[in-house]
Amino acid sequence: MNQAYRFIKTRDAVMRGIFLLCAAFSVLALGCITLFLLANGLPFIGRVGLTNFFGTTWHLSSGAYGILSMFVASIYVAGLSTGMGVALGLFTAIALYKFCPKLAVPPIRQLINLLAAIPSVIYGLFGMIIIVPFLRDHVSPGGVGYGILAASLVLSIMILPTIVSISLDALNSVPRNYYEGALALGATSEQSVFRVMLPAAKSGVLAAIVLSMGRAVGETMAVIMVIGGSPVMPTSLFQSVRTMTANIAMGATELSGDSATALVATGAVLFVFALLLNVSFSMLSGGEERGKKRTQKTGA
Amino acid sequence: MAKNAHKRQVLKYAFARSTAQTALLLTLVALGAVVFFILVRGVPHVNMQLLFGNYGRYPSIKPALLGTLYLVVISVSIAAPLGIGSAIFLAEYTKSQSRFVRIIRIATETLAGIPSIVYGIFGYLVFVVALGLRYSLIGGGITLAIMILPVIVRSTEESLLAVPLTLREGSFALGSSKVRTIFSVVLPCAASGIVTSLILAVGRVMSESAVLILTIGMVVNKMPNNFASPGTSLALDVYYFGSHGYPEQAAATGVVLLVLVVVINILATILGNIFGKGELAHG
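Protein sequences, first through last, are from chains A and B. Quick note: to get the numbering used here, add 9 to the position in the first sequence (first position is 1). Quick note: to get the numbering used here, add 786 to the position in the second sequence (first position is 1).
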């Protein structure tokens, strides 16, 4: 009897230890990623010099590893695609929230969730076979389809599902009596949505913006298929350029030695950038909301 | 005067409203166009040579189908136990306020926000360079496992927390130990949610390509022999064919990938719905 009890006790303790190890694995993995990237990237940046690394010339055979033009291209692409995606996505969420037939909402949501799962290479391929030729033949002044505009268009379509569903969730989580209160004060339905509900859902919408910006900065495959790839400073929307992610992926299969380390250093910069976005995301979506969700769940 | 101002207000909001409706339409058209054009360009080129032919004069995705299967098996069989164990620890063993739990949670969320190409570099540094495995499916699979871990942890934790506390108390009252309660009461109740999250993780693995370009070598024309061979995946093939002068084959591969991903997601939704209702009925 006593022995059986001791056996169960030990088993409980052992299993708890195993679960604990599983949970600690995430921390370990994050630590390893940080360590490997920084330990390989930072010494390289130190060795070639900050002015070289953050310079504008990327010319491997002469030892110039400047990623500034790619950094700038990344910012342009992320800014432009988030701008277009958010403008369209936010209004779409508003329309789904109040200004479209009630019956149509669940199927549209299902559809949009499904579209969120489409692999990014497929968006990239769509950009390559449809958007780039279209821009080249009808829009671009110089006859170049590749470039920042093509990449931004592809990415803005790609991040639409994310923006729509997070914004719609944010709107839905605003208490309904705000809306009714506004109506009671004599506002029209449109006024209550745009002036009361939308401001109340602000933090959720901001979270959607930061999240989609993170995706736009970090996206690789959809971008390299439409960006062109020349490591030059962007001066036009229709010009072959290269983002940081594209720089890593394009060099990946061919390079070795210092050039490969330069890619790792690019990755380290990207990593730090993503961390910053991540921190601002978790500050925006806040501990308070998650806390609320948790108490609701455990209370049920 | 006041009447004019009122009129302007009404007009302004009518405009805002129709802008929103136009945006909804545009969103649906844009997303629909992606699917539509991939299908139109790709479906005519889905044929036996592409699917199961030998890689020769014309490309074939046979190596990619096998490679994708390898990657799914490797990554899910690593990430599933780790993720479920991790979620059990978070949901069953901890008060949500302790410092250690906060660290784990922050780590998981940070992992979820890292761009996939950064995972790719990590995988390259660890498996290709440090461990000297060269480009291999196993290296890519393990890197993918780390990438899908946060997804599995989060959704498993949610399904565990959705299991009513009374079931656990009932089990304890009957004299079961904690471990017994977890394995014979909590996990079976949360099984549908966990399976759904695993299915979605499979979808993520199949869609991912940036990680793989740095870790498995994108060898499109050879069948992988074993876990340690270099290889390719469906998503990588779409990129490779697209950027090496086979846009039709790329679109056709895209169709195959699209169908697989959509089937997987619909499967997950259906499963979630069926079991979700079942849980409500006896919960």
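Yeah, the Cβ is synthetic: ideal placement off N, Cα and C, and Gly gets one too.
Any C-beta of chain B under 8 Å from that of residue i
{"i": "A:N186", "result": "no"}
{"i": "A:R20", "result": "yes"}
{"i": "A:P316", "result": "Outside the shown range of chain A (10 to 309) lies residue 316 of chain A, about which nothing can therefore be said."}
{"i": "A:N314", "result": "The structure shown does not extend to residue 314 of chain A, since chain A is modelled only from 10 to 309, so the question has no answer here."}
{"i": "A:N61", "result": "no"}
{"i": "A:T242", "result": "Reading off the sequence, residue 242 of chain A comes out as Met, not Thr. So, not an interface residue."}
{"i": "A:T307", "result": "The predicted model places A:T307 with a pLDDT of 37, which falls under 50 and marks its position as unreliable; any figure quoted below should be read in that light. At least one chain B Cβ lies under 8 Å of A:T307."}
{"i": "A:I157", "result": "no"}
{"i": "A:K230", "result": "Checking the displayed sequence, the identity of residue 230 of chain A turns out to be Met instead of Lys. Output row for A:M230: interface = yes."}
{"i": "A:P128", "result": "yes"}
{"i": "A:F53", "result": "no"}
{"i": "A:K301", "result": "Only weak support exists for where A:K301 lies, its pLDDT of 46 falling under 50; the coordinates are left without a value."}
{"i": "A:R251", "result": "no"}
Per-residue DSSP class, three states only, for residue i
{"i": "A:H147", "result": "helix"}
{"i": "A:A210", "result": "coil"}
{"i": "A:H68", "result": "strand"}
{"i": "A:V241", "result": "coil"}
{"i": "B:A948", "result": "coil"}
{"i": "A:G75", "result": "coil"}
{"i": "A:G308", "result": "Reliability fails at A:G308, whose pLDDT of 34 lies under 50, so the model's placement of it is uncertain and no value is given."}
{"i": "B:S993", "result": "helix"}
{"i": "B:A1067", "result": "For B:A1067, the predicted model reports a pLDDT of 42, less than 50, meaning its position is unreliable and no value from the coordinates is stated."}
{"i": "A:V183", "result": "coil"}
{"i": "A:G195", "result": "coil"}
{"i": "A:V130", "result": "helix"}
{"i": "B:G1017", "result": "strand"}
{"i": "A:G156", "result": "coil"}
{"i": "B:V1006", "result": "coil"}
{"i": "B:V796", "result": "helix"}
{"i": "A:V250", "result": "strand"}
{"i": "A:V57", "result": "helix"}
{"i": "A:K301", "result": "Caution applies to A:K301, whose pLDDT of 46 falls short of 50 and renders its modelled position unreliable; the model cannot decide the point."}
Within-8 Å CB hit, residue i to chain A
{"i": "B:I1060", "result": "no"}
{"i": "B:N1051", "result": "yes"}
{"i": "B:L851", "result": "no"}
{"i": "B:S902", "result": "yes"}
{"i": "B:I1056", "result": "no"}
{"i": "B:V939", "result": "yes"}
{"i": "B:G780", "result": "Only positions 787 to 1069 of chain B appear in the structure, and residue 780 of chain B is not among them; the question remains open."}
{"i": "B:L837", "result": "no"}
{"i": "B:P1077", "result": "With chain B covering only 787 through 1069, there is no way to say anything about residue 1077 of chain B."}
Beta carbon of residue i nearer than 8 Å to that of residue j
{"i": "B:V858", "j": "B:M992", "result": "yes"}
{"i": "A:I172", "j": "A:S221", "result": "yes"}
{"i": "A:L69", "j": "A:S268", "result": "yes"}
{"i": "B:I938", "j": "B:A865", "result": "yes"}
{"i": "A:D315", "j": "B:K1008", "result": "The structure shown does not extend to residue 315 of chain A, since chain A is modelled only from 10 through 309, so no value can be given for it."}
{"i": "A:A217", "j": "A:S161", "result": "no"}
{"i": "A:A258", "j": "B:I999", "result": "yes"}
{"i": "A:L286", "j": "A:T254", "result": "no"}
{"i": "A:V141", "j": "A:V235", "result": "yes"}
{"i": "B:G828", "j": "B:A1038", "result": "yes"}
{"i": "B:G961", "j": "B:Y856", "result": "no"}
{"i": "A:L46", "j": "A:G276", "result": "yes"}
{"i": "A:A210", "j": "A:V183", "result": "yes"}
From the options, residue whose alpha carbon lies closest to that of residue i
{"i": "B:V779", "options": "A:P243, A:L164, A:G195, A:T262", "result": "Chain B is shown from 787 up to 1069; residue 779 of chain B falls before or after that span and cannot be answered."}
{"i": "A:F28", "options": "B:G871, B:I938, B:I985", "result": "B:G871"}
{"i": "B:S1015", "options": "B:T896, B:L919, B:V1048, B:P830", "result": "B:L919"}
{"i": "A:V57", "options": "A:V288, A:A274, A:F280, A:N287", "result": "A:A274"}
{"i": "B:I968", "options": "B:L953, B:G979, B:S978", "result": "B:L953"}
{"i": "B:A802", "options": "A:R25, A:L112, A:T197", "result": "A:T197"}
{"i": "A:L30", "options": "B:E955, B:S957, B:I874", "result": "B:I874"}
{"i": "B:Y799", "options": "A:G276, A:R204, A:L293, A:P150", "result": "A:R204"}
{"i": "B:G989", "options": "B:L923, B:L1046, B:T896, B:M834", "result": "B:L1046"}
{"i": "A:S35", "options": "B:K793, B:P936, B:R843, B:S902", "result": "B:P936"}
{"i": "B:G853", "options": "B:I1050, B:S922, B:G1028", "result": "B:S922"}
{"i": "A:L215", "options": "A:F290, A:I76, A:Y188", "result": "A:F290"}
The ligand COA heavy atom lying under 7 Å from the CB of residue i
{"i": "A:T66", "result": "Here there are no bound small molecules, and the ligand COA is not part of this structure."}
**Prompt:** Quick one: any contact between the segment 245–258 of chain A and the segment 139–159 of chain A, if contact means 3 or more CB pairs under 8 Å?
**Reply:** yes
**Asked** Any chance the segment 956–975 of chain B sits against the segment 881–896 of chain B, with 3 or more Cβ pairs inside 8 Å?
**Response** no
**Prompt:** Using 8 Å as the Cβ pair cut-off and three pairs as the minimum, do the segment 891–899 of chain B and the segment 1045–1062 of chain B touch?
**Reply:** no
**Prompt:** Does the segment 119–138 of chain A come within contact of the segment 231–241 of chain A, defined as at least 3 CB pairs closer than 8 Å?
**Reply:** yes
**Prompt:** On the three-pair Cβ rule with 8 Å, is the segment 941–954 of chain B touching the segment 77–85 of chain A?
**Reply:** no
**Asked** Three or more C-beta pairs closer than 8 Å, one from the segment 907–914 of chain B and one from the segment 32–47 of chain A: is that the case here?
**Response** yes
**Item:** Contact between the segment 88–99 of chain A and the segment 806–817 of chain B (3+ Cβ pairs under 8 Å)
**Value:** yes
**Message:** When you compare the segment 1035–1052 of chain B with the segment 825–841 of chain B, are there three or more beta-carbon pairs, one atom per stretch, that lie closer than 8 Å?
**Reply:** yes
**Request:** Tell me, please, whether the segment 199–215 of chain A touches the segment 103–120 of chain A by the rule of three or more beta-carbon pairs shorter than 8 Å.
**Result:** yes
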